[in-house]
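Residue numbers (our numbering): 33 to 371. From the three backbone atoms N, C-alpha and C, an ideal C-beta is built for every residue, glycine too.
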Amino acid sequence: MTSADRLHDKLGNLGYSREDCRVLTDQLDRVRYLKDLRGAVILAHNYQRPELFEVADAIGDSLALSRKAVELEGDVIVFAGVHFMAETAKILNPARTVLLPNPAAGCSLADMAEADAVAARVADLRGRYPDLAVVSYVNTTAAVKALSDVCCTSANAVEIVNALPNRQVLFIPDRNLAAHVQAHTDKMVIAWDGHCYVHQQVTPEAVGAMKRQHPDAKLLVHPECRPDVVALADAVLSTEGMVTYARKSEAARFIIVTECGLSDRLYLEMPEKTFYRACQLCRYMKANRVEDLVASLERMQFEITMPEDTRVRAERAVNRMLELGGGAPRPAPRVPVLA
Ligand code: 13P
Ligand code: SF4
């Protein structure tokens with residue numbers, strides 16, 4: 033059996049033809065060669081195209097990959113994810129070269145909070161609430177992280193907010209994750225009015241219909257979804273939290289409400305279980321292809337840089353998260369969720 037046949041055995045059910053797998057096998061071999069040559073590590077987010085998982089040193093959610101970016105050795109980090117994730121890796125690894133394979137891999141949620149607007153809002157709110165803490169989701173630019181007291185991810189947002197001594201929190205930029213946090217804290221959470229276009233499209237009607245079709249399936253929902261979708265969940269989890277939940281659960285069927293790439297990973301790692309997809313594609317996450325990894329390692333593109341004073345201030349916020357945040361899975365809220 034050839035390497036291309038083995039790849040087709042894995043990816044065939046996800047729609048990849050034998051010819052796709054033959055081409056991909058050659059490209060993946062080239063990535064492996066260049067990776068060794070450059071002393072590079074490849075980090076891949078759960079939403080990436082599944083063929084990229086073949087060459088990844090670590091696959092995970094934003095929190096896990098932030099930790100891996102520090103733990104794994106290598107002169108070069110190639111971040112198969114989106115820009116803010118690669119930026120976080122650079123914030124934590126100033127001496128290493130961090131590459132984003134495709135510059136189109138941005139994030140419209142991160143773009144919804146511009147640093148100038150955040151600075152103005154913080155100044156205004158601190159006039160009213162001198163005790164205000166600024167908590168930014170990692171889905172923000174380095175410039176916004178630099179204005180923040182602490183960062184968080186979908187895996188640890190509730191823990192981080194509850195661990196702070198402050199009573200009022202400005203939560204940037206996702207209003208849906210802010211509502212999820214508000215449902216699990218007695219602090220006052222002031223939400224920035226941003227949203228993820230992928231998760232915002234999921235409606236309670238569509239999810240309710242899937243639940244009626246598969247009543248025994250566990251419903252796992254990402255907290256970037258609307259509060260009326262989150263309210264239907266058996267568990268509200270980060271992408272890695274969903275993988276762990278599905279692995280440990282005795283249930284055989286799951287409805288997965290997040291970007292579709294996660295369902296690909298679940299299918300590849302747990303073929304004996306059934307995953308129903310209530311998901312959409314993220315055009316930013318899907319921008320990275322294997323040929324972009326090849327070009328990235330050949331030309332050392334596209335390098336992540338930022339002003340050192342921004343990096344140092346952002347690093348404080350990211351490190352505070354890494355010190356405070358456990359990221360344990362959390363059950364769905366049992367109280368009404370504020371919009
Ligand atoms: P996770 O950290 O849960 O993987 O989420 C990242 C993200 O961008 C979700 O849209
Ligand atoms: Fe950004 Fe949403 Fe894509 Fe995640 S899924 S990278 S939040 S646009």
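Under 9 Å between C-beta atoms of residue i and residue j
| i | j | result |
| --- | --- | --- |
| Y277 | A267 | yes |
| Y48 | L56 | yes |
| A174 | R343 | yes |
| Y161 | M220 | yes |
| F111 | A101 | yes |
| A346 | S98 | no |
Any non-hydrogen atom of the ligand SF4 within 8 Å of residue i CB
| i | result |
| --- | --- |
| C257 | no |
| Y5 | The first residue shown for the chain is 33 and the last is 371, placing residue 5 beyond what the model contains. |
| A142 | yes |
| E330 | no |
| V114 | yes |
| C139 | yes |
Nearest-angstrom Cα separation, counted from residue j out to residue i
| i | j | result |
| --- | --- | --- |
| A36 | V230 | 32 Å |
| C292 | Q245 | 19 Å |
| M338 | L132 | 14 Å |
| E340 | D68 | 29 Å |
| L196 | V182 | 9 Å |
| L298 | K305 | 9 Å |
| L370 | K243 | Per-residue confidence for L370 stands at a pLDDT of 33, beneath the threshold of 50, marking its modelled position as unreliable; the derived number appears in the next sentence. C-alpha separation (whole angstroms): 23 Å. |
| V350 | R321 | 28 Å |
| K250 | E51 | 36 Å |
| D61 | L325 | 11 Å |
Residue i Cβ short of 8 Å to the ligand 13P heavy atom set
| i | result |
| --- | --- |
| A187 | yes |
| L95 | yes |
| C228 | yes |
| Y277 | no |
| H231 | yes |
| S168 | no |
Min CB distance residue i to chain C below 9 Å
| i | result |
| --- | --- |
| L269 | Absence of chain C from the displayed structure is noted, only one protein chain being present. |
Minimum C-alpha distance to residue i - residue among the options
| i | options | result |
| --- | --- | --- |
| Q333 | L313, C257, H115, M302 | H115 |
| A263 | T235, F286, D248, K280 | T235 |
| L75 | E51, M117, N45 | M117 |
| A136 | Y316, N125, A210, P82 | Y316 |
Same chain, Cβ closer than 8 Å to residue i, five either side skipped, listed in chain order
| i | result |
| --- | --- |
| D93 | H77, N78, T185, S186, A187, S270, T271, E272, G273 |
| L202 | R153, V154, L157, L164, A165, V166, V167, I222, W224 |
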